[in-house]
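**Q** Residue numbers (the numbering used here): 179 to 769.
No residue lacks a Cβ here, since even glycine has one placed at the ideal position from N, Cα and C.
Values in this document were obtained by computation on a predicted structure and should not be read as measured data.
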Amino acid sequence: MPGQQRKRDQMNLFAEIRLAVTEALAALAEEGALPKGLDLTAVSVEPPRDPAHGDMATNAAMVLAKPAGLAPRAIAEALAARLMADPRIAVADVAGPGFLNLRLAPALWHGVLRSVLQSGTDFGRSELGAGQKVNVEFVSANPTGPMHVGHVRGAVVGDALSNLLAFAGWNVTREYYINDGGAQVNVLARSAYERYREANGLEPAIVEGLYPGDYLIPVGEALKKKYGTSLLDQPEEVWLADIRDFATGMMMDEIRADLKQLGVTMDVYSSEKALYGTGEIEAAIQTLRGMDLIYEGVLEPPKGKEPDDWEPRVQTLFRSTAHGDDVDRPVMKSDGSWTYFAPDIAYHYNKVRRGFDALIDIFGADHGGYVKRMKAAVSALSGGRVPLDIKLIQLVKLWKGGEPFKMSKRAGTFVTLRDVVDQAGADVTRFIMLTRKNDVALDFDFDKVLEQSKDNPVFYVQYANARVNSILRKARDAGIACDDPSLLAADLTGVTHEAELAMMRKIAEWPRLVEIAARGNEPHRIAFYLYELASEFHGLWNRGNDEPALRFIQEGNAATSAAKITLARATGVVIAAGLGILGVTPVEEMR
RNA sequence: GCACCCAUAGCUCAGCUGGAUAGAGCGUUGCCCUCCGAAGGCAAAGGUCGCACGUUCGAAUCGUGCUGGGUGCGCCA
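#1: Decide if the region 562–581 is in contact with the region 541–548; the criterion is three or more beta carbon pairs, one per stretch, under 8 Å apart.
#2: Here's the rule: buried if 16 or more other CB atoms are within 10 angstroms of the residue's CB, otherwise exposed. What is M444?
#3: When you compare the region 678–694 with the region 743–753, are there three or more beta-carbon pairs, one atom per stretch, that lie closer than 8 Å?
#4: Work out the CA separation of T299 and K185 for me, nearest whole Å.
#5: Would you mind working out which of N720, P284, L691, L248 sits nearest P771, comparing C-alpha positions?
#6: What is the DSSP secondary structure of F730, reduced to helix, strand or coil?
#7: What residues match up with P508 in a beta bridge as DSSP calls it?
#8: How big is the Cα-Cα spacing for V327 and R596?
#9: Is it true that the CB of P479 sits closer than 7 Å to the CB of Y393?
#10: Is it the case that the region 459–469 contacts the region 616–632, given that we only count it when at least three CB pairs across the two stretches are under 8 Å?
#11: Identify whether N279 lies in helix, strand or coil by the three-state DSSP scheme.
#12: For V598, collect the residues of the same chain with a Cβ closer than 8 Å to its Cβ; drop the 5 residues on either side in sequence, then sort them by chain order.
#13: Label S515 either buried or exposed according to how many other C-beta atoms from any shown protein chain fall within 10 Å of its C-beta, with 16 as the threshold for buried.
#14: Got a sec, what are the start and stop residues for the beta strand (DSSP E) K311 sits in?
#15: Helix, strand or coil, according to DSSP, for G328 in the structure here?
#16: Whose C-alpha, out of A642, Y374, S304, V752, is nearest the C-alpha of A193?
#17: Between G657 and F730, what straight-line distance do the alpha-carbon atoms span, to the nearest angstrom?
#18: Out of A555, N279, Q493, point me to the one whose CA is closest to E474's CA.
#19: Measuring CB to CB, does F301 end up less than 7 Å from V312?
#20: In terms of residues, what are the limits of the alpha helix (DSSP H) holding N720?
#21: Answer yes if the region 638–645 comes into contact with the region 700–714, meaning at least three C-beta pairs across the two stretches below 8 Å, and no otherwise.
#22: What alpha helix (DSSP H) runs, 4 residues minimum, are completely inside the region 496–560?
#23: Roughly how many angstroms lie between the CA atoms of A346 and V692, to the nearest whole one?
#24: If you pair each beta-carbon of the region 688–708 with each one of the region 734–741, do three or more pairs fall below 8 Å?
#25: Is it the case that the CB of A235 approaches a heavy atom of the ligand ATP more closely than 6 Å?
#26: Report all residues from its chain with a CB closer than 7 Å to the CB of R491; omit the five preceding and five following residues, and keep chain order.
#27: How long is the line joining the alpha carbons of R588 and E629, rounded to whole angstroms?
#28: Quick one: give me the first and last residue of the alpha helix (DSSP H) that T465 is part of.
#29: At what residue ranges does the region 326–361 contain a whole run of the alpha helix (DSSP H), taking only runs of 4 or more?
#30: Run the CB neighbour count on M768, radius 10 Å, all protein chains shown included, and call it buried at 16 or more, exposed below.
#31: Indicate whether T236 and V272 have their beta-carbon atoms separated by less than 7 Å.
#32: Restricting to Cα atoms, I'd like to know which of V618, E733, L612 is closest to R654.
#33: With a threshold of 8 Å on Cβ separation, who are the neighbours of V505 within its own chain once the five nearest residues in sequence on each side are excluded?
#34: Excluding the five sequence neighbours on either side, which residues of its own chain have a C-beta within less than 8 Å of the C-beta of E678, listed in chain order?
#35: Going by DSSP, what residue range makes up the alpha helix (DSSP H) through M234?
#36: Using only alpha-carbon positions, find the residue among T517, G289, D411, Y525 that is nearest to T776.
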């Protein structure tokens, strides 16, 4: 086993104990108590749901019973006897259908606290990703206007997921795909042209089908500054391409600024337009053709929802059904130009050729129908080597004053990212956006997210951290050394109260939780964990009101205080680490 | 018609890639506190995990078939 893995296991107590279990099983096999060569991959060590069952539980006896040809309880008892000889295991007893419940020596929990203080916010970092290159494509909003609230959630999820994967050992690239190659950017150009005419004192003709938003007025003014009156009364052929580039450029500047305000920085911006004329699209399609996955054919009309103007038509199709899709998909329009799918294929082929080991796309839920064909394309073009995971982001419903919130400060009909961040702040926005799994709708209530109460999870988690800092401040004032090196020297043997052990157990779960969240590409788990961690901490704090022995600062007893403060400090460190992944700034003090 | 997503306490939602008596917050009920260890605390009640079969020692979790809601379904991205 590589040294890195070993090092990580020492930080992850669950991994360490699992290793103890599998080593004990191997020893039993060596003695002949178990058959040799059993597959141990299904053996797990996890926190039991009921803390009364112990600190950790393993299912080893149950999953091995059948392949070993032995009764679960017999295996469990042999394993228990073996583990009891391990000084790290205080109690091992068999329960239920064959669970082995373990209670650990308190020194292990104290070791976790020291690990946290030694590693700081790197505690919980994992080598799970083993340095593999993963590309996370997210936002990818059309460059035809400012980002609206619908984009915010995707931006936050993508960014937090990127942080999470980096924390878990992946080499992450954050990428934005600019859809600047389709018809919508010509519409943008024509809309901007009307604003340009307006800037020159003419009446703009914002006809049906153009973008009416006020946000294009500055674009018109900038065009006037650049071109003066030279483009007035010129035919579209003269100005379309230039104005299109100019306007999309300005839109992208605005989008970049919006993302920055939200705390999101992309590593790579890829352009759809740049794929045209370079032969990349043709090459991607040609590659598929070489696999016999491109053909000329006629699609059946969808049953039950036949368009009025349906007529059978021969078109160029991608045989996506060969890679799990339901029907084959057109890549070329009847006029010979590419469908939107073709450059997307080329773009994903581009990502594959750049050497990524895994691809992740964050899409809006309305793109659900696009998932299978995209996966089919990546599967075909990577020879099945590169997995593509697509996360669909459900709607955000805004609320204010108990009513749906729809107004915008801008003239458009949508709420912009800026509207949201200006009112709620980036930290609050980011946290709340992660308090739901990606595929369920989320309510965002401007009143509630800013409330300073237990009901608001952002406040609740931040408050826990602020309390930790308050303890440290008070302790320092009382003359107790609270820097990490001093705390690391504290004797923790007295910190064994059940409530304190519960706190340590929760902290010890952090490395395990990081891996679970990273494995599933599920950043929301971090937010939920932080809430639970904060809850545990507030609970312990509150018990200090009634039971002075549980207070972190013990009057007149610097040594005991230091030990208990270590527990608080470790909690604060993990909260800071978790908030760091979410992209939320921990606050030192509540105001 | 087909595909994908969702369905868990009155409400809003978690649920560890199959584990033990299914959790949290809000709300409800009861008790406590008015102390800057402050922006409340403790406890209780509340569930056929949409329905029905199936796989398994064991299912909210996996499979099949339904019901209800959402999204989408050839020259829009």
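**A** With the structure as the only source:
#1: With the rule of 3 Cβ pairs closer than 8 Å, the region 562–581 counts as touching the region 541–548.
#2: Flag for M444 reads buried.
#3: With the cut-off at 8 Å, the region 678–694 and the region 743–753 touch.
#4: Below a pLDDT of 50, predicted positions are generally treated as unreliable, and K185, at 49, falls in that range; the measurement from the model is reported next regardless. Between the C-alpha atoms of K185 and T299 there is a straight-line separation of about 16 Å.
#5: The shown model of the chain, from 179 to 769, leaves out residue 771, and the question about it has no answer.
#6: If DSSP states are grouped into helix, strand and coil, F730 belongs with coil.
#7: As computed with DSSP, P508 is found in a beta bridge with L495.
#8: Whole-angstrom Cα-Cα distance: 8 Å.
#9: Using a Cβ distance threshold of 7 Å, Y393 and P479 do not count as a contacting pair.
#10: Between the region 616–632 and the region 459–469 there are fewer than three C-beta pairs closer than 8 Å, too few to call the two in contact.
#11: Three-state DSSP puts N279 in a strand.
#12: For V598, where only same-chain residues beyond five positions count, the Cβ hits under 8 Å are V327, V330, L576, T607, F622.
#13: When all chains shown are included, S515 counts as exposed.
#14: Secondary structure note for K311: its beta strand (DSSP E) is the uninterrupted segment 311–315.
#15: Looking at G328 - three-state DSSP - the assignment turns out to be helix.
#16: The option with the nearest alpha carbon to A193 is S304.
#17: Whole-angstrom Cα-Cα distance: 14 Å.
#18: Closest option to E474, judged by alpha-carbon separation, among A555, N279, Q493: Q493.
#19: F301 places its beta carbon 7 Å or farther from that of V312.
#20: 702–724 is the extent of the alpha helix (DSSP H) around N720.
#21: Three or more Cβ pairs drawn from the region 700–714 and the region 638–645 lie within less than 8 Å of each other, which places the two stretches in contact.
#22: The region 496–560 contains these whole alpha helix (DSSP H) runs: 519–531, 549–559.
#23: Roughly 7 Å between the two C-alpha positions.
#24: No: fewer than three Cβ pairs fall under 8 Å.
#25: Ligands displayed in this structure: none; no statement on the ligand ATP is therefore possible.
#26: Counting only Cβ-Cβ distances below 7 Å, and skipping sequence neighbours, we find V476, S512.
#27: In this prediction, R588 has a pLDDT of 48, which is less than 50 and means its spatial position is unreliable; what the coordinates show is noted afterwards. About 26 Å.
#28: First-last of the alpha helix (DSSP H) with T465: 458–468.
#29: List check, alpha helix (DSSP H) in window: 327–345.
#30: With fewer than 16 other Cβ atoms within 10 Å, it is exposed.
#31: In this structure, the beta-carbon distance from T236 to V272 does not fall below 7 Å.
#32: Selected option, being the one with the closest Cα: E733.
#33: Within the same chain, Cβ atoms closer than 8 Å to the Cβ of V505 are found at L477, E478, S498, T499, the five residues on either side in sequence being excluded.
#34: When the five nearest sequence neighbours on each side are left out, the beta carbons in the same chain lying within less than 8 Å of the beta carbon of E678 are those of L718, L728, K742, L745, in order along the chain.
#35: Per DSSP, M234 lies in no alpha helix (DSSP H); the unbroken beta strand (DSSP E) holding it starts and ends at 234–236.
#36: What the structure shows of the chain is the stretch from 179 to 769, and residue 776 is not part of that stretch, so it cannot be assessed.
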